[in-house]
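*Asks:* My questions all concern the structure below.
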Amino acid sequence: MIEDEATHEPTPQKQMWSEQKQASVHEEIRRMNQLPAKSTYVAHRMRVLNKILQLISIQRTAEQEQELELLFAGLSL
């Protein structure tokens, strides 16, 4: 069955995934806040983490959901 591009309601499993990932991102943000604020690494990492939080919070298509999962797989959180 081919899925259309319409956004879908999150299933409880996807919602739990989202909550777990949000918790991981918030923990990483807390860790970054303990490092020197003027560090270019910290500044870049904080931009990435904030963007991820933004992406987690919006409704996505199935394809976008897969892309987000691949993005998380590439991060070491």
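Numbering (full-length UniProt numbering), first residue to last: 1 to 77.
The C-beta atom is built at its ideal place from N, Cα and C for all residues, glycine as well.
Which value, in whole angstroms, describes the spacing of the CA atoms of T40 and Q34?
*Replies:* 14 Å
*Asks:* Enumerate in chain order the residues of its own chain whose CB-to-CB distance from M1 is below 8 Å, with the five nearest sequence positions on each side excluded.
*Replies:* Here M1 scores only 44 on pLDDT, less than 50, and its place in the model is too uncertain to base an answer on.
*Asks:* Can you give me the C-alpha to C-alpha distance between Q15 and Q66, rounded to a whole angstrom?
*Replies:* 14 Å
*Asks:* For A43, which three-state DSSP category applies?
*Replies:* helix
*Asks:* Could you tell me the alpha carbon to alpha carbon distance between Q59 and A37, rounded to whole angstroms?
*Replies:* 32 Å
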